[in-house]
Amino acid sequence: MAAAWGRCVSRAWLCRTAWQGCGRNYRAALCTELKRPLVIEEVSPRPVQPHEVRVNVHFCGINFADILACRGQYQERRQLPFTPGMEFSGMVLETGTDVSVVKEGDRVIGLPGFGGMAEECIIDHKNLWQIPEKVSLREAAALPVSYGTAIFALEHRACTQPGETVLVTAAAGATGLAVIDVATNILQAKVIAAAGSDEKCQLAMQRGAQSSVNYSRGSLKEAVGKLVGAGGVNVVIDMVGGDVFLEALRSLAYEGRIVVVGFTGGTIASVPANLLLLKNITAMGLYWSRYRHQNFPIFSRRLSSALQYCQEGHIQPYIGEVFKLEEVNDAFLRVTQRKSTGKVLLSLK
Ligand SMILES: NC(=O)c1ccc[n+]([C@@H]2O[C@H](COP(=O)([O-])OP(=O)(O)OC[C@H]3O[C@@H](n4cnc5c(N)ncnc54)[C@H](OP(=O)(O)O)[C@@H]3O)[C@@H](O)[C@H]2O)c1
Numbered sequence: 007m008a009a010a011w012g013r014c015v016s017r018a019w020l021c022r023t024a025w026q027g028c029g030r031n032y033r034a035a036l037c038t039e040l041k042r043p044l045v046i047e048e049v050s051p052r053p054v055q056p057h058e059v060r061v062n063v064h065f066c067g068i069n070f071a072d073i074l075a076c077r078g079q080y081q082e083r084r085q086l087p088f089t090p091g092m093e094f095s096g097m098v099l100e101t102g103t104d105v106s107v108v109k110e111g112d113r114v115i116g117l118p119g120f121g122g123m124a125e126e127c128i129i130d131h132k133n134l135w136q137i138p139e140k141v142s143l144r145e146a147a148a149l150p151v152s153y154g155t156a157i158f159a160l161e162h163r164a165c166t167q168p169g170e171t172v173l174v175t176a177a178a179g180a181t182g183l184a185v186i187d188v189a190t191n192i193l194q195a196k197v198i199a200a201a202g203s204d205e206k207c208q209l210a211m212q213r214g215a216q217s218s219v220n221y222s223r224g225s226l227k228e229a230v231g232k233l234v235g236a237g238g239v240n241v242v243i244d245m246v247g248g249d250v251f252l253e254a255l256r257s258l259a260y261e262g263r264i265v266v267v268g269f270t271g272g273t274i275a276s277v278p279a280n281l282l283l284l285k286n287i288t289a290m291g292l293y294w295s296r297y298r299h300q301n302f303p304i305f306s307r308r309l310s311s312a313l314q315y316c317q318e319g320h321i322q323p324y325i326g327e328v329f330k331l332e333e334v335n336d337a338f339l340r341v342t343q344r345k346s347t348g349k350v351l352l353s354l355k
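Residue numbers (this note's numbering): 7 to 355.
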């Protein structure tokens, strides 16, 4: 049933005649062909299943993973056509008969996997979290992926301790600024921000980093060495890969930990195992959304923590730019051309 309704996309009139009473059509961004610009189309609503919730989407976060999925380069493949968008905030419009955790009018964040870049999204109730009252819908949309990843990388994987030094690469990006926020304001660690321009370094410092390195100007290892001396840094959170990853690895202290989070630079480096041995270093990976399937209670708890930290004013997501739905291709370009800072959002209102 669900698949049949899904095929109503771009044939909205067919659906309208097939099933009345579901509500008005809504607009969605669609990937109809890989590596081509997204198109905005009118979509017919389908009925909610007993375990599902229909949400009026207000903001949708744009993630590197959405862009990779639309190129066919993401680890999880989608069948065409599909609507990207893995995180959103919005208000509950309708609940299925088995849903009791949320009700009409509730403010929620949702992690649908895909489908968020639309005015409406139908989602399993298990993938919704209530937004606390002091957190705006705009802020809430910027939290799940970036802060979920930052918290898992720093706390769960690297076990960052108060007073330790954390080196973060792509520091002015969405994940980078979330790492700075969580490391400094929740974990009381010191952060060295590494980024590709002086402006980005400046932003990272304004957002809490103690020092910064512009890695487009020379060796990251040498610059970090000048800041921390021969001892090195305790933790690295790397989003870039390639040579930046290797230089960051070489900047680690005795018993340092490096967490592989992304490869925005496009190159996956190999780890020289002798470096791990010489300084008792640990290299580890993080695939945040995997915890949703492997250990949902921890996944959910940490997402709730991010919402709670924000509610209490301990963390504050940095939103670099907000685009309208019809500007989605410009928003994608801003990210891929390395021009964005912090979280980029789509506004559906
Ligand atoms: N493993 C996980 O669970 C997980 C979760 C979230 C995100 N990620 C990954 O983490 C990475 C960062 O995500 P994000 O949301 O923080 O992205 P973002 O906000 O777009 O930031 C990416 C940054 O990467 C740097 N970069 C270096 N080389 C680049 C290139 N060739 N093209 C584009 N950017 C380049 C840029 O900063 P500079 O100019 O300063 O170098 C850019 O600002 C992505 O690879 C994403 O898929 C992984």
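Just so it is clear, CB atoms sit at the ideal spot from N, CA and C, and this is done for glycine as well.
### Message
Let me check understanding here. Comparing Cα to Cα, which of R30, Q81, P90 lies closest to F338?
### Response
As a working note, residue 338 is residue 332 in the sequence shown. Ranked by Cα distance from F338, the options R30, Q81, P90 are led by P90.
- Identify whether Q356 lies in helix, strand or coil by the three-state DSSP scheme. With the chain covering 7 to 355 only, the question about residue 356 has no answer from this structure.
| Among G319, R256, R84, S346, nearest to W234 - alpha-carbon criterion | Within the sequence shown, numbered from 1, the residue matching residue 234 stands at position 228. As written in the sequence, residue 234 is Val, which differs from the Trp given in the question. Just measuring C-alpha positions, the residue of G319, R256, R84, S346 sitting nearest V234 is R256.
* Measure the C-alpha to C-alpha separation of D244 and T166 and round it to an integer number of angstroms. => The residue you call residue 244 lines up with position 238 of the sequence shown. The residue you call residue 166 lines up with position 160 of the sequence shown. CA-to-CA, the gap between D244 and T166 works out to about 15 angstroms.
Contact under 9 angstroms by Cβ, G67 with L354: Stepping through the sequence shown from its first residue, residue 67 is reached at position 61. Stepping through the sequence shown from its first residue, residue 354 is reached at position 348. In this structure, the beta-carbon distance from G67 to L354 does not fall below 9 angstroms.
- Task: Could you tell me whether the segment 206 to 222 touches the segment 122 to 136, where touching means 3 or more Cβ pairs closer than 8 angstroms?
- Result: By the Cβ criterion, the segment 206 to 222 is not in contact with the segment 122 to 136, since fewer than three pairs of Cβ atoms, one from each stretch, lie closer than 8 angstroms.
Worksheet item: Taking C-alpha atoms, which residue in S106, P51, R33 lies nearest to H57?
Response: Stepping through the sequence shown from its first residue, residue 57 is reached at position 51. It is S106.
- request: Inspect the beta-carbon positions of H162 and R340 and report whether they are closer than 9 angstroms.
  value: What you label residue 162 is simply residue 156 of the sequence shown in a count that begins at 1. What you label residue 340 is simply residue 334 of the sequence shown in a count that begins at 1. Cβ distance not < 9 angstroms, so H162 and R340 don't count as in contact.
In whole angstroms, give me the CA-to-CA distance for I115 and T288. Residue numbering aside, residue 115 sits at position 109 when the sequence shown is read from its first letter. Residue numbering aside, residue 288 sits at position 282 when the sequence shown is read from its first letter. C-alpha separation (whole angstroms): 34 angstroms.
- Task: Could you spell out the range, first to last residue, of the beta strand (DSSP E) harbouring T175?
- Result: Locating residue 175 in the sequence shown gives position 169, where the first residue counts as 1. Counting along the chain, the beta strand (DSSP E) containing T175 begins and ends at 171 to 175.
Integer Cβ distance of N69 from V151, believed to fall under 8 angstroms: The residue you call residue 69 lines up with position 63 of the sequence shown. The residue you call residue 151 lines up with position 145 of the sequence shown. About 5 angstroms; that satisfies the 8 angstroms criterion.
For A195 versus E170, is the C-beta spacing smaller than 9 angstroms? Along the sequence shown, one-based indexing puts residue 195 at 189. Along the sequence shown, one-based indexing puts residue 170 at 164. Cβ distance < 9 angstroms, so A195 and E170 count as in contact.
Report buried or exposed for T103, applying the criterion of at least 16 other Cβ atoms within 10 angstroms of its Cβ.
-> As a first step, residue 103 is located in the sequence shown; it is residue number 97 there, counting from the start. Exposed, since its Cβ has fewer than 16 Cβ neighbours within 10 Å.
C-beta contact flag for V219 and A236 at 9 angstroms: As a working mapping, residue 219 is identified with position 213 in the sequence shown. As a working mapping, residue 236 is identified with position 230 in the sequence shown. A distance of 9 angstroms or more separates the beta carbons of V219 and A236.
Kindly indicate the opening and closing residues of the alpha helix (DSSP H) around Y315.
In the sequence shown, residue 315 corresponds to position 309, counting from 1. Segment 302 to 317, the alpha helix (DSSP H) holding Y315.
| task | Kindly identify the DSSP beta-bridge partner or partners of S95. | result | Locating residue 95 in the sequence shown gives position 89, counting from the first residue. F65, I115.
| With 16 other Cβ atoms within 10 Å as the buried cut-off, status of G27 | Within the sequence shown, residue 27 is the residue found at index 21, counting from 1. Confidence is the limiting factor: at G27 the pLDDT is only 47, short of 50, which leaves the residue's position unreliable, though a coordinate-based value still follows. So G27 counts as exposed.
Does any residue of chain D have a CB that is nearer than 9 angstroms to the CB of T101? Looking for chain D here will not work: only one protein chain is present.
| query | The alpha helix (DSSP H) with T181 in it runs from where to where? | reply | For this step, residue 181 is matched to residue 175 along the sequence shown. Run containing T181: 180 to 191, per the alpha helix (DSSP H) assignment.
- request: Give a yes or no on contact between the segment 119 to 127 and the segment 79 to 89, applying the rule of three or more CB pairs nearer than 8 angstroms.
  value: In short, these stretches touch, since the Cβ pair count reaches three.
Checklist entry - Going by Cα to Cα distance, which pick from A34, V250, R42, I157 is closest to S50? => result On the sequence shown, position 44 is the one that residue 50 refers to. Scanning A34, V250, R42, I157 for the CA closest to the CA of S50 turns up A34.
Quiz prompt | T288: first and last residue of the uninterrupted alpha helix (DSSP H) it sits in | solution = Indexing the sequence shown from 1 puts residue 288 at position 282. From DSSP, T288 is part of no alpha helix (DSSP H) but of the beta strand (DSSP E) over 288 to 291.
Beta bridge counterpart(s) of S353 as assigned by DSSP: Your numbering for residue 353 matches position 347 in the sequence shown. DSSP lists F65, K330 as the bridge partner or partners of S353.
Rounded C-alpha distance that separates Q79 from A164: As a position in the sequence shown, residue 79 is number 73, starting the count at 1. As a position in the sequence shown, residue 164 is number 158, starting the count at 1. Taking the straight line joining both Cα atoms gives about 28 angstroms.
Checklist entry - For K41, which option in S346, T342, K349 has the closest C-alpha, if you only look at C-alpha atoms? => result The count along the sequence shown starts at 1 and reaches residue 41 at position 35. That would be T342, whose Cα lies nearest to the Cα of K41.
**Message:** Rounding to the nearest angstrom, what Cα-Cα distance links T310 and I192 in this structure?
**Reply:** Working through the sequence shown from its first residue, we reach residue 310 at position 304. Working through the sequence shown from its first residue, we reach residue 192 at position 186. Looking at the sequence shown, residue 310 is not Thr but Ser. CA-CA distance, S310 to I192, rounds to 14 angstroms.
*Can you find a heavy atom of ligand 1 that lies under 8 angstroms from the Cβ of F70?*
Counted from its first residue, the sequence shown places residue 70 at position 64. Checking every heavy atom of ligand 1 against the Cβ of F70, one is found closer than 8 angstroms.
Quick one: what's A124 bridged to in DSSP?
Start at 1 with the first residue of the sequence shown, and residue 124 comes out as number 118. Answer is A34.
*Starting from F88, follow its DSSP beta bridges and name the residues at the other end.*
In the sequence shown, counting from the first residue as 1, residue 88 sits at position 82. For F88, which the question treats as bridged, DSSP gives the partners C37.
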